[in-house]
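Here's the structure, in structure tokens; my notes come after.
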Amino acid sequence: MVKVTLGKTGITVEKNSFGALPIQRISREDAVRLLRRAYAGGVTFFDTARFYTDSEEKLGEAFGADGTRGKIYIATKTGAVTAEGFWKDLDTSLRKLRTDYVDIYQFHNPAFCPKPGDGTGLYEAMLEARDRGMIRHIGITNHRLNVAHEAVESGLYETLQFPFSYLATQKDMELVEKCKAAGMGFIAMKALSGGLITNSAAAYAFLAQYDNVLPIWGVQRESELNEFLSYIDNPPTMTEELAAVIARDREELLGDFCRGCGYCMPCPAGIEINNCARMSLMIRRAPLEAQLTPQMQEKMKKIEDCLHCGSCKSKCPYGLDTPALLEKNYRDYCEILAGKAY
830 MVKVTLGKTG
840 ITVEKNSFGA
850 LPIQRISRED
860 AVRLLRRAYA
870 GGVTFFDTAR
880 FYTDSEEKLG
890 EAFGADGTRG
900 KIYIATKTGA
910 VTAEGFWKDL
920 DTSLRKLRTD
930 YVDIYQFHNP
940 AFCPKPGDGT
950 GLYEAMLEAR
960 DRGMIRHIGI
970 TNHRLNVAHE
980 AVESGLYETL
990 QFPFSYLATQ
1000 KDMELVEKCK
1010 AAGMGFIAMK
1020 ALSGGLITNS
1030 AAAYAFLAQY
1040 DNVLPIWGVQ
1050 RESELNEFLS
1060 YIDNPPTMTE
1070 ELAAVIARDR
1080 EELLGDFCRG
1090 CGYCMPCPAG
1100 IEINNCARMS
1110 LMIRRAPLEA
1120 QLTPQMQEKM
1130 KKIEDCLHCG
1140 SCKSKCPYGL
1150 DTPALLEKNY
1160 RDYCEILAGK
1170 AY
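So my numbering is basically just the index in the sequence shown, starting at one, shifted up by 829.
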């Protein structure tokens, strides 16, 4: 069993945590069963957000009334941009989670690093919430390297949640080491790169090389959960075989690709950008038939309606030329369809 301590928070958990974004896609009954099974299997850290529709409610039903709350850690997030919105989000989260405190409360991918005296009142609200015992630790999540670095350098945050997988760049790896040097906990989101990484053992073995990193695995199926639970007693270590998988995937996938974070949404033309802009990669990584259904063809055809308004491009935290990426993916998709009998 491998343990991770999140910086100066003192929170020490098994190096397998539960990302609760996907459970919004399954029934309440299935979600509660999955969450409780994760806890029974040794998982004690659960990450959710006010933004994830009914995810908090499902966590609350799973753990709010059965005596396990004090034995687990819950991290949630607020996307508020005002102090008033902050308190509304926090009150709602506590009610839905059926708890009187949150272990780590995180600013959810802000475009700037909230600080005392910046005029928003957001960080002051965080401090007050901590003083009142409503939250235990202050964190921030982001997809922007510049904001992430500012958060680390500020000394104001106890944890940073940032995308990190074996498709990470050298700059991402340097950020992880910077957090370690600062005594700041690092929570790795998108450890499977939004589904592009299909070998979870390789993903785990890569992250195991960083003793300060806690990965949150997005889980919505029992088979997925079982896979990660098996790593508690038998954690994968880096082998020549897994290193070869990583090297092959990095060669194929590194570069300007859509991570599927969805911060470009909604699209005024109704394009499902976070899926359509990565279709070329998904076709190579996932079962082909699943990407060529009539429903998916209809979604891809919406790219023809692109207004070239630049909205998605301006909101992309990775600076991608999203319209050009959509056009390329649609062209590749049509070429595959042309050779397919439908």
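Where a beta carbon is used, it is the ideal one built from N, C-alpha and C, also for glycine.
If you're wondering where the values come from, they're calculated on a predicted model, not measured in any experiment.
Would you call the stretch 902-909 and the stretch 874-889 in contact, with 3 or more CB pairs under 8 Å? Segments in contact, yes.
Nearest CA to the CA of T921: which residue from F880, E953, I933? Comparing alpha carbon positions, the residue from F880, E953, I933 closest to T921 is F880.
May I have a chain-ordered list of the alpha helix (DSSP H) segments no shorter than 4 residues that lie completely inside the stretch 1088-1150? Entirely contained in the stretch 1088-1150, the alpha helix (DSSP H) runs reaching 4 residues are, in chain order, 1102-1105, 1108-1114, 1117-1120, 1123-1130, 1140-1144.
Using three-state DSSP, classify A1017 as helix, strand or coil. Looking at A1017 - three-state DSSP - the assignment turns out to be strand.
Would you kindly check if the distance between the Cβ of L1155 and the Cβ of I1132 is under 8 Å? In this structure, the beta-carbon distance from I1132 to L1155 falls below 8 Å.
Could you tell me whether the Cβ atoms of G889 and Y930 are closer together than 8 Å? The criterion of a C-beta distance shorter than 8 Å is not satisfied by G889 and Y930.
Would you give the residue range spanned by the alpha helix (DSSP H) that D1078 belongs to? Segment 1069-1082, the alpha helix (DSSP H) holding D1078.
I'd like to confirm the pairing. Which residues does DSSP put opposite H978 in its beta bridges? Partner(s): none; H978 has no beta bridge.
CB of C1090 within 8 Å of CB of N1103, strictly: Cβ atoms of C1090 and N1103: closer than 8 Å.
Could you check whether S1140 and P1097 sit closer than 8 Å to each other, using their CB atoms as the reference points? Yes, they are a contact pair.
Excluding the five sequence neighbours on either side, which residues of its own chain have a C-beta within less than 7 Å of the C-beta of A894, listed in chain order? Contacts found: R927.
Are K941 and V976 close, meaning C-beta to C-beta below 8 Å? According to the sequence displayed, residue 941 carries Phe and not Lys. One thing to note: F941 has its Cβ within 8 Å of the Cβ of V976.
With H, G and I counted as helix, E and B as strand and the rest as coil, what does DSSP make of I1026? Annotated three-state conformation of I1026 is coil, per DSSP.
What first and last residue would you give for the alpha helix (DSSP H) that runs through Y902? Element bounds for Y902: not the alpha helix (DSSP H) but the beta strand (DSSP E), 902-907.
Rounded to a whole number of angstroms, what is the C-alpha to C-alpha distance between G839 and V1005? If I take the Cα positions, the gap works out to 18 Å.
Beta-carbon separation (whole angstroms), L864 vs F915, contact threshold 8 Å: The pair is not a contact, with the Cβ atoms about 26 Å apart (cut-off 8 Å).
Going by DSSP, which residues form a beta bridge with S846? Answer is I1045, bridged to S846.
Hey, quick one: how far does the beta strand (DSSP E) through Y952 stretch, first residue to last? Where Y952 is concerned, there is no enclosing beta strand (DSSP E), although the alpha helix (DSSP H) it sits in stretches over 951-960.
I'd like to know whether the C-beta atoms of N971 and F991 end up nearer to each other than 8 Å. N971 is a Cβ neighbour of F991, given a cutoff of 8 Å.
In three-state DSSP terms, what is R973? R973 falls in the coil class under three-state DSSP.
For N1158, count neighbouring Cβ atoms within 10 angstroms of its own Cβ and tell me buried if that reaches 16, exposed if not. N1158 should be labelled buried.
Could you round the C-beta distance between A974 and K944 to whole angstroms and report it? I think they count as a contact, below 8 Å. Note on residue identity: the sequence assigns Leu, not Ala, to residue 974. With 8 Å as the limit, L974 and K944 do not qualify as a contact, their Cβ atoms being about 18 Å apart.
Going by other Cβ atoms of all chains shown within 10 Å of its Cβ, with 16 needed for buried, is T907 buried or exposed? By the Cβ neighbour-count rule, T907 is buried, with 16 or more other Cβ atoms within 10 Å of its own.
Under the three-state reduction of DSSP, which class applies to I855: helix, strand or coil? Looking at I855 - three-state DSSP - the assignment turns out to be coil, as it is neither helix nor strand.
Would DSSP call L1054 helix, strand or coil? In the structure shown, L1054 adopts helical secondary structure according to DSSP, grouped into three states.
What separation, rounded to the nearest whole angstrom, lies between the Cα atoms of T949 and I1026? If you take the alpha carbons of T949 and I1026, they lie about 38 Å apart.
Nearest-angstrom Cα separation, counted from A891 out to V861: Cα to Cα, V861 sits roughly 5 Å from A891.
Proximity of R1088 and S1022 at Cβ, strictly below 8 Å: In this structure, R1088 sits near S1022, with a CB-CB distance shorter than 8 Å.
Could you tell me the alpha carbon to alpha carbon distance between Q935 and I967, rounded to whole angstroms? Here the alpha carbon of Q935 sits roughly 6 Å from the alpha carbon of I967.
Quick check on this structure: which residue in T988, R854, R898, T897 has the alpha carbon closest to the alpha carbon of A1017? Cα-wise, what sits closest to A1017 is T988.
Taking the alpha carbon of G1084 as the point to measure from, which residue in L1149, F847, Y1039, F875 has its own alpha carbon closest? The shortest Cα separation from G1084 among L1149, F847, Y1039, F875 belongs to L1149.
Neighbourhood of I1075 by C-beta distance below 7 Å, restricted to the same chain and skipping five residues each side: The beta carbon of I1075 sits closer than 7 Å to those of Y995, A1031, F1035, all from its chain and outside the five residues before and after it, given in chain order.
Which of helix, strand or coil DSSP assigns to Y930: Coil.
If you draw a straight line from the C-alpha of T841 to the C-alpha of V831, how long is it? Straight-line spacing of the CA atoms in T841 and V831 works out to 10 Å.
Using only the alpha-carbon positions, how far apart do D1040 and G1099 sit? Take the alpha-carbon of D1040 and the one of G1099: they are about 42 Å apart.
So the candidates are A954, Y1092, N1063; which of them puts its Cα closest to the Cα of T1151? Scanning A954, Y1092, N1063 for the CA closest to the CA of T1151 turns up Y1092.
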